[in-house]
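Trainee: Here's a structure for you.
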Amino acid sequence: MAARETNPNFMNGVPELLILRLLQQEEMYGYEIVQAIRSRTDAVIAVGEGVVYPVLHGLERDGALRSRRKKVNGRSRIYYSVTVKGSHRLDDLSEAWTNLVVAIQKLLTGGQHGEAIP
Amino acid sequence: MAKPFHELRERLLRAGVTPRHVRRYLTELADHLADLRAEEERAGRSRADAESAALVRLGGMDDLAKAMIEQRQFQSWCVRAPWAMFCLAPLCLLAGTYFVACVYLWFGWKIFLPGADTPFGSPTGPMYGFANIYFQAGKLYYFGAPVLVGWGIGLIAARQRLKAVWLTVGLVLIAWMGATSRIHASRTAVPGGLGHISMNFFTLGASGQAISDGLLHALVILTLTVLPYLIWRLQKAHSGPV
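Dropping the structure here:
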């Protein structure tokens, strides 16, 4: 029997997607990233703030992000920015997420066989 | 380091995350915590309340540890392949240092004892000056190599908070290799030919005396290599659980 592709976790890849999208616009450090996620999603998506770093480090190791140390107001910060590889990954993740949203939206609004949920 | 981060560091190291990544993670968390605390203080909280609120916002220790441990790419090779890190790699490194020792000896033979049949002792009596220093330094390097390699893997095991099983196996192998290594040197029969140096390992002599000498030598190396690690373990045991 052929293996069926499943989607066990709808939030899978979402932190990556959000981080890559934010960093594509400008370079940021961890604290700024978390605040930006919170403010731009109207606090709908709130993550345990410290857990953003393993995601950042993982993306950097995969070559999707690059980091540099920068002194701001006398404090050394690690700023992250997106690489070309990261931009491609963002495109892939965005496409996958858009398809998922469209599919769920279609289901919720009735689609071919269902009825719209009031 | 603040207590929550100290505990987190120990937990991450014991879980096999490389010390380099642990250090960076904790540095960024400490910076983030300082930013959160400043934000909470700006919002009018007292310093103590701001600290508590900042810690809550940063995330629980379980979550912080789990997020990093789940990133398998940050796992150290000591955890992924301990047999390679503590047995194969040190033996290869020791073999490499012995190769360098042989080359060193060969050059000394060629430069300081050009007519001698063997580099172990001069046919014209004791050596002085630079020649003596050269051969003494070589001897020190040769006998010190297994101890240095042993200290190296002991340091790796201590940094990674590893259990002593693989380290012990590695140290025993190093001691055995160090105690049984033998250098052979002879001049080739061809007139004006070059000297020939070779080594063999892991064989004890047939005589009882050679076996007991080898075992004693191995025991000396093992004791010297394991001692700093044991001292570190004892210090850790006094200051808290390892």
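Top line first, the protein sequences correspond to chains A and B.
Using this note's numbering, read the first sequence as starting at 1363 and increasing by one per residue.
Using this note's numbering, read the second sequence as starting at 0 and increasing by one per residue.
Cβ coordinates follow ideal geometry from the N, Cα and C atoms, glycine included.
(1) Using a Cβ cut-off of 8 Å (strictly closer), state whether I1407 (chain A) contacts chain B.
(2) Any chance you could list the beta strand (DSSP E) runs of at least 3 consecutive residues sitting entirely within the stretch 1420 to 1451 of chain A, in chain order?
(3) Since L1442 (chain A) meets chain B, which of its residues come closer than 9 Å, beta carbon to beta carbon?
(4) When burial is assigned at 16 or more other CB atoms within 10 Å of the CB, is D34 (chain B) buried or exposed?
(5) In chain B, which residues lie less than 9 Å from V1434 (chain A) when you measure between Cβ atoms?
(6) Looking at the structure shown, is V1406 (chain A) part of a helix, part of a strand, or coil, going by DSSP?
(7) For chain B, check one thing: does any of its Cβ atoms lie closer than 8 Å to the Cβ of V1376 (chain A)?
(8) Can you name, in chain order, every residue of its own chain whose Cβ lies under 6 Å from the Cβ of L1380 (chain A), other than the five neighbours on each side?
(9) Is the beta carbon of P157 (chain B) less than 8 Å from the beta carbon of I220 (chain B)?
(10) Is it true that the CB of S1443 (chain A) sits closer than 8 Å to the CB of R1428 (chain A)?
(11) Does the separation of the CB atoms of V250 (chain B) and M67 (chain B) fall below 8 Å?
(12) For chain A, find out if any of its Cβ atoms is closer than 8 Å to the Cβ of Q74 (chain B); answer yes or no.
(13) May I ask you to list, following chain order, the residues of the stretch 1400 to 1429 of chain A that have a beta carbon less than 9 Å from some beta carbon of chain B?
(14) Smallest Cα separation from H195 (chain B): which of B:W150, B:A94, B:L139 and B:W108?
(15) Examine the Cβ distances between the stretch 1465 to 1472 of chain A and the stretch 35 to 46 of chain B and report whether three or more of them are shorter than 8 Å.
(16) What in chain A is Cβ-close to L63 (chain B), meaning under 9 Å?
(17) Is A29 (chain B) close to chain A, meaning its C-beta is less than 8 Å from at least one C-beta of that chain?
Mentor: Here's the rundown:
(1) no
(2) 1427 to 1434 and 1437 to 1444
(3) As written in the sequence, residue 1442 (chain A) is Tyr, which differs from the Leu given in the question. Those do not exist, as Y1442 (chain A) stays about 10 Å from chain B at its closest Cβ, beyond 9 Å.
(4) buried
(5) Within chain B, no residue comes near V1434 (chain A); the closest Cβ sits about 11 Å away, beyond 9 Å.
(6) coil
(7) no
(8) I1399
(9) This sequence places Ala at residue 157 (chain B); Pro is not what is there. Taking 8 Å as the Cβ cut-off, A157 (chain B) and I220 (chain B) do not qualify as a contacting pair.
(10) yes
(11) Since the first residue of chain B shown is 0 and the last is 241, residue 250 (chain B) is not available in this structure.
(12) no
(13) V1409, G1410, E1411, G1412, V1413, V1414, Y1415, P1416, V1417, L1418, H1419, G1420, R1423 and D1424
(14) B:W108
(15) no
(16) G1410, G1412, V1413, Y1415 and P1416
(17) no
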